[in-house]
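Mapping to this note's numbering: the sequence shown position 370 is 1236, numbers consecutive. All C-beta atoms in this analysis are idealised placements derived from N, C-alpha and C, irrespective of residue type, glycine included.
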Amino acid sequence: MSSVLTWGAGLVGAWLPTFLVVLFTTVLVLNVFGRRPKNFPSGMMILPVVGSLLSMPRGPTMEMLRGLRKKYGDIASFGIFGNRVVVVSSTSLLKEVFALRATADRPEIVFTTVRNRILTDNRISDIGVVGTNGQIWQEQRRFMLHHLRDLGFGKSSYEPVMVEEIAELLDDLEREDGRPLQMKLMGVMFDLFVAGMETTSSSLTTIVHLMTKHPHVQRRVQEELDEVVGRDRLPSFSDMERLPYVQATIHEALRILNLIKLSLPHMTAEDCKLGGYDIPKGTWLMGNLDDAHRNPEYWKNAGTFDPQNFLDENGKFKKNNAFVPFGVGKRVCPGEPLARLELFLFFSHLFQRFTFTLVEEHRPLIETNPMFNTPPDYTARAKYRTK
Ligand code: HEM
């Protein structure tokens, strides 16, 4: 017995100094490097190099980000590798924070790195709008908006071009005459038209899926189209104001799709004060669009697909400040007017002519990825509506 005790004491004796050194170093690292800057938003423990990976070994997940908002409120923080990340929630704070020039920078994101490698063999890093900063971003964004406007994108003058494309889609659907269609195929056709705009095709795919799942909404959409437009001509952009249910349905589908749920990452261009906190230059910012779209504080029926979320008691279209699928502030999506026009025309033309039913759902909407939601994959049938 006593020899066991002596052996045990020897072991403790041998290991104790090492243990104390490790403990001291850990406390020092946590205290010196892990310490948040003064008046920085509270949140998860942030260590040098690994950030908050000890608390989230699989990286940031949706549960973790939602938990962060619940626990720490409208402005909370975590770390990912060497970067401090501040998550901004609440519609008023989102608008306040992202209206500032100081929050309009973009950190280097994988998309731009890969794109620059492909397009310029990494020789030029300052190309395009999505990943550039400062004066170059401002110039290129202005250039892009100017030319989009010149081409008539997002305005009714662009309507005839778009209507021609939609007519081709309608002809194809008519030829299929109720045979099951892979909606991915429709997405690909749409992609071609908008030159690879995954966003708009994902939205359209989701809207059609939601219509097959909510046939009473589809019927009401068709009734309104019949009442306001009739069947003898195609719906036009100028009908939009008189189609509140159609508009509400498109908005509600975008809310449910919640496509780019934490917007694209931003970065502070200088030290600044946000929501009462001091945020150093180079801090990553994420706009919590997910919370805006799901929080019952902002919506009559937050948890379900319900176009009433965008209608007042008289059936008139009602805007909602928490509807932010295109982001907010200085870097708000410049394609928004074009996307809105496309979605309105495709949706109204399709449902004026066809009734969609679900044949098989291969995969529902995937919401687990913290950056993007993936639209559902399904086979549907488009049946030509007889008068
Ligand atoms: C339903 C369709 C769409 C959705 C939901 C959407 C959403 C978004 C969001 C959330 C952002 C990030 C905003 C931010 O960083 O604060 C963004 C940026 C951007 N979008 Fe869209 N978008 C859509 C369609 C389009 C289209 C059709 C175009 C092109 C014509 C487009 C071009 C861009 C560009 C260039 C940026 C980067 C802007 C910048 O960094 O200054 N988007 N979009």
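For this session: Go ahead and pull the three-state DSSP assignment for residue 1246.
Result: strand
For this session: Tell me, to the nearest whole angstrom, how far the beta carbon of residue 1001 is from that of residue 1221; I am working on the premise that it is less than 8 Å.
Result: Actually they are not in contact, since the Cβ atoms of residue 1001 and residue 1221 sit about 52 Å apart, beyond 8 Å.
Problem set entry | Buried/exposed call for residue 1074, threshold 16 Cβ in 10 Å | buried
Exercise. DSSP beta-bridge partners for residue 1138?
Worked result: 1145
Exercise. Is the segment 1113-1133 in contact with the segment 1236-1243, if contact means three or more CB pairs nearer than 8 Å?
Worked result: Yes, the segment 1113-1133 is in contact with the segment 1236-1243.
Exercise. Mind pulling the beta strand (DSSP E) runs of 3 or more residues that sit fully within the segment 1091-1170?
Worked result: Counting only runs of at least 3 residues, the segment 1091-1170 fully encloses the following beta strand (DSSP E) elements, listed from N- to C-terminal order: 1138-1140, 1143-1145 and 1150-1153.
For this session: Return the chain-ordered list of same chain residues with a C-beta closer than 7 Å to the C-beta of residue 958, the five sequence neighbours on each side being excluded.
Result: none
Problem set entry | Reduced DSSP category for residue 949 - H, G, I as helix; E, B as strand; rest coil | Residue 949: strand per DSSP, three-state reduction.
Exercise. If residue 1248 and residue 1183 are in contact, beta carbons under 8 Å, what's the gap, nearest whole angstrom?
Worked result: Not quite, the Cβ-Cβ distance comes to about 27 Å (not below 8 Å), so this is no contact.
For this session: Within the same chain, show all residues whose beta-carbon is closer than 7 Å to that of residue 1059, passing over the 5 residues directly before and after it, in chain order.
Result: Here the model assigns residue 1059 a pLDDT of 44, short of 50, so the residue's position is not dependable, and the following value carries that caveat. Excluding residues within five positions, the ones whose Cβ falls inside 7 Å are 1031.
For this session: Helix, strand or coil for residue 1043, going by three-state DSSP, please let me know.
Result: Coil, per DSSP.
Exercise. Within the present structure, is the beta-carbon of residue 881 separated from the nearest heavy atom of the ligand HEM by less than 8 Å?
Worked result: no
Problem set entry | Own chain residues within Cβ distance below 8 Å of residue 1062, not counting five before or after | Here the model assigns residue 1062 a pLDDT of 42, short of 50, so the residue's position is not dependable, and the following value carries that caveat. So no residue of the chain qualifies.
Exercise. Contact check, residue 1246 vs residue 1135 under 8 Å by CB: the rounded distance?
Worked result: Going by Cβ atoms, the distance from residue 1246 to residue 1135 rounds to 46 Å, so no, they are not a contact pair.
Problem set entry | Neighbourhood of residue 1129 by C-beta, 6 Å cutoff - its chain only, sequence neighbours within 5 removed | Only 1153, 1155 and 1193 meet the Cβ criterion.
Problem set entry | Near the ligand HEM: residue 1149 beta-carbon under 8 Å from a heavy atom | no
Exercise. Does the segment 1098-1112 touch the segment 1221-1237, meaning 3 or more C-beta pairs lie closer than 8 Å?
Worked result: no
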